[in-house]
Amino acid sequence: MQQKANKESGAEGAQIDLVLDRRDQVINLCEMKYSLKPYDITPIYLQKLLDRRETFREATNTNKALHLTLVTASGLKKTAQAGMIQSEIVLDDLFQEKS
835 MQQKANKESG AEGAQIDLVL DRRDQVINLC EMKYSLKPYD ITPIYLQKLL DRRETFREAT
895 NTNKALHLTL VTASGLKKTA QAGMIQSEIV LDDLFQEKS
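See below:
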């Protein structure tokens with residue numbers, strides 16, 4: 835989803851890589867990141883993600899829970915900022931064989 839900036843209202847735009855609208859009243863806002871080592875979320879980048887979540891809420895008028903989800907090759911570096919991410923998916927999760 836890409837929300838365009840509105841110059842007249844001063845609203846900022848936001849790009850979200852993947853939106854998963856679930857039946858349980860939760861929407862996962864997925865951000866895809868590639869790094870050979872665990873991805874480090876800086877305080878500035880976390881704020882950008884939080885701003886995108888609020889832009890999405892305002893643009894869609896949703897009352898559903900919005901979960902920030904990061905899809906990475908090697909997971910997230912364990913930091914205070916990483917604790918603000920509700921879901922984490924690594925490449926191995928995407929290529930698991932069904933039992």
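Just so we're on the same page, this note's numbering is the position in the sequence shown counted from 1, plus 834.
Glycine included, every Cβ here is placed at the ideal spot set by N, Cα and C.
**OP:** For Leu883, I'd like the list of residues in its chain whose CB is within less than 6 Å of its CB, leaving aside the five on either flank, ordered along the chain.
**Re:** Here the set comprises Leu902.
Original post:
Going by other Cβ atoms of all chains shown within 10 Å of its Cβ, with 16 needed for buried, is Leu904 buried or exposed?
Top reply: Leu904 is buried by the Cβ-count criterion.
Original post:
Is Asp858 helix, strand or coil when you go by DSSP?
Top reply: It is coil, neither helix nor strand.
**OP:** For Lys867, write down the residues that DSSP places opposite it in a beta bridge.
**Re:** The partner list for Lys867 (beta bridge, DSSP) reads Thr906.
Original post:
Helix, strand or coil: which one does DSSP assign to Gln920?
Top reply: DSSP places Gln920 in the coil class of the three-state scheme, outside both helix and strand.
Original post:
In whole angstroms, what separates the C-alpha of Ser869 from that of Thr896?
Top reply: Approximately 32 Å, taken between the alpha carbons.
Original post:
Which one of Ile919, Lys932, Glu931 has the shortest CA to CA distance from Leu863?
Top reply: Comparing alpha-carbon positions, the option among Ile919, Lys932, Glu931 lying closest to Leu863 turns out to be Ile919.
**OP:** Since I believe Ile878 is in contact with Leu910 (beta carbons under 8 Å), could you give me their beta-carbon distance rounded to a whole number of angstroms?
**Re:** Between the beta-carbon of Leu910 and that of Ile878 there is about 16 Å, and that puts the pair past the 8 Å contact cut.
Original post:
Is it buried or exposed for Leu925, if we count other Cβ within 10 angstroms and need 16 for buried?
Top reply: Classification for Leu925: exposed.
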